[in-house]
Amino acid sequence: MATLTTRLTRMLDLRHPVVSAPMAFAGGGALAAAVSRAGGLGLIGGGYGDPAWLEAQFEAAAGAHVGVGFITWSLRKSPSLLTDVLRHRPAAVMLSFGDPRPFVDEIRAAGARVICQCQDLGHVMDAVEVQADIVVAQGAEAGGHGAARGTLSFVPEAADYLAAHAPGTLLLAAGGIGDGRGLAASLALGADGVLLGTRLWASTEALVQPGHHQAILETDGDGTLRTTVADIARQIAWPRGFTARIRRNAFTDRWHGHEADLERAVAVEGPRYRQAFAAGDAEHTGVWFGEAAGVIHAIEPAAVIVERMADEAAQCLARQAAAVGGPAAGERAVLPSAPSDLASASALAFPEAGQTERLAPPPVLDADQQAAADELINGPRGGVYGPFRPLLHRPPLLRAAAKLGETLRYAGTLDAALREWTICVVARETENVFEWEMHHPLAVRAGVPVAALGALATRSALPADLDPALALAARVARELLATHRIGEATYAQALVQWGEAALVELLTLAGYFAMVCWVMNVARTPGPQRV
Ligand SMILES: Cc1cc2nc3c(=O)[nH]c(=O)nc-3n(C[C@H](O)[C@H](O)[C@H](O)COP(=O)(O)O)c2cc1C
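Residue numbering for the sequence shown is 0 to 530, as defined by numbering that gives the first Met the number 0.
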């Protein structure tokens with residue numbers, strides 16, 4: 000099973016960057032607990048605020064570390080609900096659809112994280128103002144209530160805004176995410192994780208009538224719409240600007256576009272709606288799911304959904320990393336073979352991953368910069384990526400650095416495993432996204448044991464049976480980076496292991512990569528799959 004490490008997993012101590020949406024009526028304690036136990040974070044759907052139901056759901060969560068979410072404008076009518084749920088010490092409280100200000104202090108005082116779900120950039124600004132821990136950028140593809148922005152453009156815009164104004168605030172993408180491709184795409188867009196509604200609505204633990212579950216399996220992504228007719232029938236007065244995405248069916252065919260008629264007929268249609276809902280009739284009521292329906296083909300346990308999504312996303316990211324921004328011809332990055340290896344190929348754990356690049360290539364190149372860029376594009380590198388993006392500001396340095404890098408790589412005497420391993424150690428120690436993602440697959444291909452790279456990734460002890468030369472190289476690189484020199488014993492061993500010339504080469508290799516990693520860390524240069 001793959002684990003994707005992101006700022007979200009570190010903040011909340013999760014195995015997977017996946018949060019279940021607090022879906023009114025459907026997201027009970029069993030679902031939230033199943034998601035949390037699978038390594039994500041489950042949120043109970045506080046909905047419109049039924050205290051007895053909420054108590055029962057916390058009981059159903061049976062002590063799992065879950066959170067809860069509220070419809071904020073509704074919570075304002077009965078704020079004591081928040082005080083009640085905070086007694087259960089939820090991991091987080093999500094506020095959606097309304098002004099979060101009246102509630103954040105109480106949530107924070109109870110030690111829970113504040114999550115604000117946002118439908119436009121104005122909402123993101125409000126969330127930053129109240130110092131939310133996590134912002135959810137919800138696109139209109141989402142099931143249930145939402146607004147108009149599309150996920151694909153809203154998430155990166157929110158990511159940029161947060162990077163500029165609240166870099167410590169995490170971001171989740173929501174709306175239309177139904178499988179690992181959606182999770183991978185969300186991470187690529189700059190999110191730290193995803194909030195899933197529809198995909199987990201279609202789980203065995205969700206509180207959903209069998210008839211409604213059957214309906215999602217028969218519906219593709221075209222089969223939903225955003226409308227107000229369900230709220231009119233239920234006589235729930237939602238604030239302007241919010242609509243609900245539900246399944247297209249006989250009910251929406253009859254009333255969508257005829258809202259005034261429905262309002263007039265609500266004394267009859269309201270009870271009809273509620274009865275059909277309770278009976279699991281999928282035609283004459285609101286059936287609440289979003290466009291992700293198009294990639295959902297089975298009702299499965301939440302743990303299966305979450306774990307498969309993480310595996311698929313890790314594979315997807317590793318495939319992209321291998322395909323883009325490549326090393327020299329003949330040294331194309333290759334994929335590690337097992338899904339569990341793929342997580343360590345991902346650079347998502349690094350501090351600059353996903354942040355907005357600084358010191359990017361100048362928007363307009365002068366003649367010398369253009370010439371330097373052309374040399375890279377027409378040379379073995381085939382493009383301007385990694386350290387050469389910031390170095391493009393100083394073409395003579397770029398050329399010198401490129402030459403040194405080429406000499407180390409193509410005219411060096413260290414064997415490929417030792418070279419790639421040492422680069423990985425430096426990349427990990429300096430926490431550099433680019434070099435880690437670039438050289439991790441090359442190290443695997445050169446025969447460096449995946450377990451050793453995994454130990455680097457997780458900063459755990461190197462395997463006892465690791466080739467002594469690799470273990471020594473790790474010691475040399477780590478001592479250098481920590482103390483700027485190496486101890487007598489390490490030096491003596493290194494001399495015996497490699498001799499003077501190769502030791503000088505190894506030290507230069509470590510120094511060169513430390514230099515480019517520093518430059519890229521400051522520049523927040525993206526990893527190769529993001530270029
Ligand atoms: C059945 C259902 C009920 C929902 N109820 C709520 C809710 O009570 N409060 C809330 O903040 N969001 C609610 N949402 C929206 C989710 O928080 C989330 O934004 C959305 O499900 C994400 O998009 P997706 O459905 O494509 O995964 C609901 C979504 C669904 C599908």
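Here a beta-carbon is modelled for each residue, glycine too, at the ideal position from N, C-alpha and C.
If Val154 sits next to Ala136, beta carbons under 8 Å apart, how far is it from one beta carbon to the other, in whole angstroms? Position 155 of the sequence shown, counted from the start, is the residue given in the question as residue 154. Position 137 of the sequence shown, counted from the start, is the residue given in the question as residue 136. Between Ala136 and Val154 the Cβ distance is about 5 Å, and since that is below 8 Å, they are a contact.
Pro395, buried or exposed, once every other Cβ within 10 Å from all chains shown has been counted against 16: As a position in the sequence shown, residue 395 is number 396, starting the count at 1. Exposed is the call here.
Quick one: what's got a C-beta closer than 7 Å to Trp72's C-beta in the same chain, skipping five residues either side? Here residue 72 is taken as the residue at index 73 of the sequence shown, counted from 1. Answer for Trp72: Phe96, Gly97 and Pro238, listed in chain order.
So, using beta-carbon positions, are Ile214 and Ala291 closer together than 8 Å? Numbered from 1 along the sequence shown, position 215 holds the residue referred to as residue 214. Numbered from 1 along the sequence shown, position 292 holds the residue referred to as residue 291. Strictly speaking, residue 214 in this sequence is Ala, with Ile absent from that position. Cβ distance not < 8 Å, so Ala214 and Ala291 don't count as in contact.
Give me, in chain order, the residues of the same chain whose beta-carbon lies closer than 6 Å to that of Leu182; leave out the 5 immediate sequence neighbours on both sides. Locating residue 182 in the sequence shown gives position 183, where the first residue counts as 1. For Leu182, where only same-chain residues beyond five positions count, the Cβ hits under 6 Å are Val193, Met308 and Ala312.
His164 (DSSP reduced to helix, strand or coil): If you number the sequence shown from 1, residue 164 lands on position 165. Three-state DSSP puts His164 in a helix.
Cutting at 8 Å between CB atoms, please list the residues of its own chain near Ala460, excluding the five before and the five after it. Position 461 of the sequence shown holds residue 460. So the qualifying residues of the chain are Ala454.
Taking only runs of the beta strand (DSSP E) that begin and end inside the region 161 to 218, which ones reach a length of at least 3 residues, in chain order? 169 to 173 and 192 to 195
Could you check whether the region 14 to 34 touches the region 197 to 209, counting it as contact only if at least three pairs of C-beta atoms, one from each stretch, sit closer than 8 Å? yes
Looking only at its chain, what residues have a beta carbon closer than 8 Å to the beta carbon of Gly110, apart from the 5 residues adjacent to it on each side? As a working note, residue 110 is residue 111 in the sequence shown. The residues are Arg88.
In the structure shown, what three-state DSSP assignment does Thr5 receive? On the sequence shown, position 6 is the one that residue 5 refers to. Looking at Thr5 - three-state DSSP - the assignment turns out to be coil, as it is neither helix nor strand.
Relative to the C-alpha of Pro360, which residue among Ala162, Ala371, Leu479 and Ala51 is closest? For the purposes of this step, residue 360 is taken as residue 361 along the sequence shown, with counting starting at 1. Taking only the C-alpha atoms, the option nearest Pro360 is Ala371.
Under the three-state DSSP convention, the category Ser35 falls into: Taking the first residue of the sequence shown as position 1, residue 35 is located at position 36. Ser35 falls in the helix class under three-state DSSP.
Fully enclosed by the region 78 to 136, which beta strand (DSSP E) runs are 3 residues long or longer? 91 to 95 and 112 to 117
Minimum C-alpha distance to Ala146 - residue among Ala173, Gln118, Leu169 and Ala131: Along the sequence shown, read from residue 1 onward, the residue named residue 146 stands at position 147. Per the Cα distances, Gln118.
Any idea if Met124 is buried or exposed, counting beta-carbon neighbours within 10 angstroms, 16 or more meaning buried? Taking the first residue of the sequence shown as 1, we reach residue 124 at position 125. So Met124 ends up on the exposed side.
Can you tell me which of the three DSSP states Leu334 falls into? Here residue 334 corresponds to residue number 335 of the sequence shown, with the count starting at 1. For Leu334, the predicted structure reports a pLDDT of 29, less than 50, and the residue's modelled location is therefore unreliable. The matter cannot be settled from this model.
Going by beta carbon distance, what residues of the same chain come within less than 8 Å of Arg36, once the five residues before and after it are set aside? Counted from its first residue, the sequence shown places residue 36 at position 37. Closer than 8 Å at the Cβ level, and outside the excluded window around Arg36, lie Ala63 and Ala302.
Measure the Cβ-Cβ separation of Ala320 and Glu419 and say whether it is below 8 Å. Locating residue 320 in the sequence shown gives position 321, counting from the first residue. Locating residue 419 in the sequence shown gives position 420, counting from the first residue. No, the Cβ-Cβ distance between Ala320 and Glu419 is not below 8 Å.
In its own chain, which residues sit with a C-beta less than 8 Å from the C-beta of Ala173, not counting the 5 before and 5 after it? One-based indexing of the sequence shown puts residue 173 at position 174. Closer than 8 Å at the Cβ level, and outside the excluded window around Ala173, lie Ala20, Gln116, Val135, Ala136, Gln137, Gly138, Ala141, Thr150, Val193, Leu194, Leu195 and Gly196.
Can you tell me whether Ile235 is helix, strand or coil according to DSSP? Position 236 of the sequence shown, counting from 1, holds the residue named residue 235. Three-state DSSP puts Ile235 in coil, outside helix and strand.
Can the beta-carbon of Ile106 be found less than 8 Å from the beta-carbon of Val92? By 1-based counting over the sequence shown, the position of residue 106 is 107. By 1-based counting over the sequence shown, the position of residue 92 is 93. Yes, the pair counts as a contact, with Cβ atoms nearer than the cut-off.
Rounded to the nearest angstrom, what separates Arg357 and Asn520 at their Cα positions? Taking the sequence shown and counting its residues from 1, one reaches residue 357 at position 358. Taking the sequence shown and counting its residues from 1, one reaches residue 520 at position 521. Rounded to whole angstroms, Arg357 to Asn520 spans 9 Å at the Cα level.
Assign Ile422 to one of three DSSP states: helix, strand, or coil. Looking up residue 422 in the sequence shown gives position 423. Residue state, collapsed to three classes: helix.
Proximity test, Cβ basis, 8 Å: Pro389 and chain B: No chain B appears in this structure, which consists of one protein chain only.
Using 8 Å as the threshold, is the C-beta distance between Ala400 and Cys423 below it? Residue mapping note: residue 400 aligns to position 401 of the sequence shown, counting from 1. Residue mapping note: residue 423 aligns to position 424 of the sequence shown, counting from 1. No. Outside cutoff.
By Cβ distance below 8 Å, which residues in the same chain neighbour Val129 in space, the five residues on each side in sequence not counted? Here the question's residue 129 lines up with position 130 in the sequence shown. For Val129, where only same-chain residues beyond five positions count, the Cβ hits under 8 Å are Pro99, Arg100, Val103, Val113 and Cys115.
Taking 7 Å as the cut-off, is the C-beta of Glu541 nearer than that to any heavy atom in ligand 1? Any property of residue 541 remains undetermined from this structure, which presents the chain solely from 0 to 530.
Determine the burial state of Ala328: buried for a count of at least 16 other Cβ atoms within 10 Å of its Cβ, exposed for fewer. In the sequence shown, the residue the question calls residue 328 occupies position 329. Only weak support is given to the placement of Ala328: the predicted model assigns it a pLDDT of 32, under 50, and the question is left unresolved by the model.
Contacting residues, own chain, Cβ-Cβ under 6 Å from Gln354 (five flanking each side not counted): In the sequence shown, the residue the question calls residue 354 occupies position 355. Counting only Cβ-Cβ distances below 6 Å, and skipping sequence neighbours, we find Ala162 and Arg523.
Tell me which same chain residues have a C-beta within less than 7 Å of the C-beta of Leu30, skipping the five on either side of it? On the sequence shown, position 31 is the one that residue 30 refers to. Ser19, Gly41, Leu199, Ser202, Glu204, Ala205 and Ala301, listed in sequence order.
What residues match up with Arg244 in a beta bridge as DSSP calls it? For the purposes of this step, residue 244 is taken as residue 245 along the sequence shown, with counting starting at 1. Beta-bridge pairing links Arg244 to Gly143 and Arg225.
Within its chain, find whatever has a CB closer than 6 Å to the CB of Tyr160; leave out the 5 residues flanking it on each side and keep chain order. The residue labelled residue 160 in the question sits at position 161 within the sequence shown. For Tyr160, where only same-chain residues beyond five positions count, the Cβ hits under 6 Å are Val123.
Phe276 versus Thr226: straight-line alpha-carbon distance, rounded: The count along the sequence shown starts at 1 and reaches residue 276 at position 277. The count along the sequence shown starts at 1 and reaches residue 226 at position 227. Their backbone Cα atoms lie some 17 Å apart in a straight line.
Using the C-alpha atoms, what's the distance from Leu403 back to Arg393? Numbered from its first residue, the sequence shown carries residue 393 at position 394. Numbered from its first residue, the sequence shown carries residue 403 at position 404. Cα to Cα, the separation comes out at about 16 Å.
Please list the terminal residues of the continuous alpha helix (DSSP H) segment that includes Val503. For this step, residue 503 is matched to residue 504 along the sequence shown. Glu487 to Ala522 is the span of the alpha helix (DSSP H), which, as asked, contains Val503.
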